[in-house]
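Down below is the structure, laid out as structure tokens.
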Amino acid sequence: MRRLFSSMLRRIYWVLVGRLSVEGLLVLGERLQKKGEWAQAEKVLLHAENKAGEEDDTDGQILATIHLGRFYRDHGDFPQSHEFLGQALELANRLDDGQWQGLIHHQLGTTHVMQRQYPRAIAHYRKSIVVEEKLKDDEALAASYGNLGICYQKGSNVREAVNCHRKSLNISERIGDRHSTAEQYFNLGMLYLENIGDKLEARVHFEKARALFEMVGDTHYAEQAARRLQE
């Protein structure tokens with residue numbers, strides 16, 4: 003009897019899920035993923051992609067495939083992540099939609115970073131920067147330059163790393179994003195400490211990072227900056 007009741011509840015659940023919009027399905031998929039219900043999340047996200055296709059909703063398809071690309075990346079399935087993000091980019095190129103293109107190149111860059119494929123990540127972040135500059139999307143631009151700086155640091159190109167973090171810092175300060183500004187001060191501190199060997203300059207940047215992290219209430223990173231100051 004319990005099995006029958008459980009089976010009926012599952013059928014009712016999926017009937018209700020089937021009535022959700024593409025956006026609703028994506029929200030549900032993310033919630034299931036956060037709860038660790040990976041199989042259910044995958045099923046819901048795939049359903050969102052299929053639904054968008056059936057409704058001839060190209061923007062919905064792009065959004066769903068981006069979600070799937072991130073889902074598989076978080077799950078460590080990088081081939082599948084690249085597959086879906088590649089599909090999203092193809093759809094965005096058909097629309098000639100710069101905003102989508104910039105976002106997808108950023109996601110592809112992040113996927114390559116997680117695989118430690120820094121030259122490929124750099125190529126995608128550079129493409130996202132071109133789009134973000136055209137769109138004057140300063141928040142996204144600051145993030146892309148920051149990520150680009152990390153890639154150059156990992157590749158031991160210290161000069162480019164400093165240059166990118168400085169650009170991200172300047173943009174973040176201009177738009178009043180204190181948390182992003184703090185992150186770039188911290189990243190520059192790490193560069194001066196570990197790659198350049200200038201402890202005095204590193205300290206200056208860590209102090210600024212700590213003050214800003216404390217100001218925005220990020221105790222975790224404020225403590226990290228404080229620990230660096232004790233070294």
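When the letters of the sequence shown are read in order and numbered with the numbering used here, they come out as residues 3 to 233.
We treat Cβ as the ideally placed atom computed from N, Cα and C, and that holds for glycine.
Given residue i as reference, the closest of the options once Cα atoms are compared
i	options	result
residue 110	71, 141 and 100	71
residue 190	105, 119 and 210	210
residue 23	52, 173, 212 and 42	52
residue 126	119, 140 and 108	108
residue 78	131, 116 and 137	116
residue 208	192, 57 and 96	192
residue 183	27, 35, 56 and 140	140
residue 65	195, 29 and 41	29
residue 26	54, 152 and 188	54
residue 80	49, 59, 112 and 58	112
Rounded separation between residue i and residue j - CA only
i	j	result
residue 67	residue 154	29 Å
residue 16	residue 159	Bear in mind that the predicted position of residue 16 carries a pLDDT of just 49, short of 50, making it too unreliable to give a figure here.
residue 86	residue 163	30 Å
residue 123	residue 150	8 Å
residue 226	residue 61	40 Å
residue 185	residue 224	10 Å
residue 197	residue 76	30 Å
residue 231	residue 170	23 Å
residue 156	residue 35	30 Å
residue 94	residue 102	6 Å
residue 114	residue 120	7 Å
residue 63	residue 97	12 Å
residue 203	residue 82	43 Å
residue 39	residue 199	45 Å
residue 45	residue 73	11 Å
residue 32	residue 43	7 Å
residue 128	residue 59	29 Å
residue 161	residue 131	19 Å
residue 9	residue 50	Because the pLDDT at residue 9 is just 46, under 50, the model does not fix this residue reliably, and the value given afterwards should be weighed accordingly. Cα to Cα, the separation comes out at about 23 Å.
residue 215	residue 178	14 Å
residue 195	residue 222	20 Å
residue 233	residue 37	38 Å
residue 166	residue 84	26 Å
residue 152	residue 56	40 Å
residue 106	residue 201	38 Å
Anticipated Cβ contact below 8 Å, residue i with residue j, distance rounded
i	j	result
residue 180	residue 217	6 Å
residue 91	residue 69	That belief does not hold up - the Cβ atoms of residue 91 and residue 69 are roughly 14 Å apart, past 8 Å.
residue 133	residue 88	Actually they are not in contact, since the Cβ atoms of residue 133 and residue 88 sit about 17 Å apart, beyond 8 Å.
residue 212	residue 228	6 Å
residue 136	residue 100	6 Å
Where the alpha helix (DSSP H) through residue i begins and ends
i	result
residue 168	160-177
residue 289	Nothing about residue 289 can be read from this structure; the chain reaches only from 3 to 233.
residue 118	No alpha helix (DSSP H) contains residue 118, which DSSP labels as neither H nor E.
residue 182	180-192
residue 88	80-97
residue 225	221-232
residue 140	140-156
residue 26	24-36
residue 52	40-56
residue 209	201-218
The stretch 132-144 in contact with the stretch 159-179 per 3-pair CB rule at 8 Å | yes
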